[in-house]
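These notes are about the structure you will find just below.
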């Protein structure tokens with residue numbers, strides 16, 4: 001493994017038929033001002049994680065959960081994509097469906113930058129879905145702000161409460177089968193701004209290693225927890241590294 005600052009290595013040369021898997025984490029959005037959930041005191045914007053990001057928290061006090069996500073929506077409405085988001089959108093224009101962009105983030109900054117093929121494995125902040133797992137309704141776009149239990153909207157199909165379309169702790173991330181297929185056939189695996197501590201995403205690089213073909217590159221301000229599994233760790237802010245990372 002090579003660990004260097006980003007300006008010590010040349011750009012990655014992507015071949016005309018090669019496929020690129022990009023995983024983005026909280027670090028890329030933090031540079032735009034989005035709060036991250038892993039803080040030293042175990043709080044997430046003054047809340048215990050289990051109170052606002054778990055099925056148990058939802059069943060204990062759905063009003064607190066919705067107030068928390070409504071506050072996050074309000075914050076997300078004020079931020080803009082940074083240079084890293086823009087660079088990935090431009091990369092998509094060049095590679096088209098040879099780029100698979102998977103994000104752990106629930107914010108819409110990739111889409112605001114122009115990306116059109118984004119898989120949100122942990123859900124989307126501006127969507128809601130029925131809390132009834134057996135309901136046939138699909139997640140829907142929602143920019144509403146719900147600050148009390150009484151304001152929580154109901155499902156038009158079964159009258160259950162609508163919950164944030166977010167993968168909480170203890171739940172399975174979305175589209176894992178598709179992610180596994182893309183990991184198996186990629187030629188480049190790039191992680192940007194992910195701590196390497198949150199599974200299953202932290203295990204993607206090991207899965208790629210098991211196939212024995214892809215180059216594995218990490219980008220972030222400091223070494224991730226799973227640094228040993230990458231071929232290179234290019235240290236620096238995503239907004240500085242990603243715009244000069246690729247040669248296509």
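In the UniProt record's numbering, the protein residues as written are 1 to 248.
Every residue, glycine too, gets a C-beta built ideally from N, C-alpha and C.
Quick caveat, the model's predicted, so the values are computed rather than measured.
{"Item": "Counted within 10 angstroms of its Cβ, other Cβ atoms place residue 164 as buried (16 or more) or exposed", "Value": "buried"}
{"Item": "Any non-hydrogen atom of the ligand ZN closer than 8 Å to residue 47 Cβ", "Value": "Inclusion of the ligand ZN in the displayed structure is not the case, the ligand content being empty and no account of it being possible."}
{"Item": "Stretch pair the region 139 to 147 + the region 79 to 86: three plus CB contacts closer than 8 Å", "Value": "no"}
{"Item": "6 Å Cβ shell around residue 232 - same chain, five flanking residues per side excluded", "Value": "2, 217"}
{"Item": "Residue 88 beta carbon less than 9 Å from that of residue 215", "Value": "no"}
{"Item": "Distance, residue 121 Cα to residue 92 Cα", "Value": "18 Å"}
{"Item": "At least 3 beta-carbon pairs within less than 8 Å: the region 190 to 203 vs the region 20 to 38", "Value": "yes"}
{"Item": "Residue 122 - DSSP class collapsed to helix/strand/coil", "Value": "coil"}
{"Item": "Member of 240, 153, 170, 200 whose CA lies at the smallest distance from the CA of residue 176", "Value": "200"}
{"Item": "Three-state class that DSSP yields for residue 232 in the structure shown", "Value": "strand"}
{"Item": "Sub-9 Å separation of residue 166 and residue 106 beta-carbons", "Value": "yes"}
{"Item": "Coil, strand or helix - residue 168 by DSSP", "Value": "coil"}
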